[in-house]
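In the numbering used here, the protein residues as written are 1 to 270.
Quick look at the structure:
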């Protein structure tokens, strides 16, 4: 027996989506982003060449001066390069988001019956593929150069997941810049102005004790320093400390603040 058709005037339209539907819509959009990466593989140039070049360059330039030799410097620099490379890669999220919005791609998404957060969350989820590639290449380059993590493969995997999760959380900040900025180049400029001091004024490349006392206080509270320390503890000694908890709490706070701000700005300006 056929179901009667409810007149349009009597239909109850929903102006919100459930959590489950939001998750499904986000993964659908993430799949779209992965297909986009597969069709334009040149998007992966930065995450393929940057880990290799930076690892070789920083290790052989600073290794002897800081640790006496390259082998002693590898346990210090590999976690630092990993965090710096993956976090820097998250800037591309905001740049590509601004480019897609300028092309009118997100105008179509706004008209679809999907969760408002799905186009943004999906794009950011797809970028975790980029973070994974950068993570694997950094550890691979370190291994080729002689780096042998004392924490074992399981703790290295935990460290890799930690960096990817934190990069995904930070990418919400750059996605916010991508929504409110006028051009993709301005997103790049703003993001680098913020990111470069955070990565280089940290313990990623040199011991904190070698820095001036007036600078050490900033380095010690820098969230990048906590993330680098957490990765070093996991990969080098297989220990889980307070820095891991601080990194995860910071990632959760970043998402809690910037995800709603980004969605609200996106709905207003996209």
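Ideal placement from N, C-alpha and C gives every residue a C-beta, glycine not left out.
- In terms of Cα proximity to residue 161, the closest of 85, 135 and 186 is 135.
- Boundaries cannot be given for residue 211, as no alpha helix (DSSP H) includes it and DSSP labels it neither H nor E.
- Note that the C-beta distance between residue 174 and residue 62 is not below 9 Å.
- With the rule of 3 Cβ pairs closer than 8 Å, the segment 171-190 counts as touching the segment 91-105.
- In the structure shown, residue 183 adopts coil according to DSSP, grouped into three states.
- Distance from the CA atom of residue 235 to the CA atom of residue 157, rounded to whole angstroms, is 8 Å.
- Straight-line measurement puts the Cα of residue 139 at about 10 Å from the Cα of residue 81.
- For residue 65, the uninterrupted alpha helix (DSSP H) segment begins and ends at 45-67.
- A straight line joining the alpha-carbon of residue 183 with that of residue 86 spans about 23 Å.
- Membership of residue 110 in the alpha helix (DSSP H) is indicated by the continuous run 105-110.
- Residue 30: member of the alpha helix (DSSP H) spanning 19-39, first to last residue.
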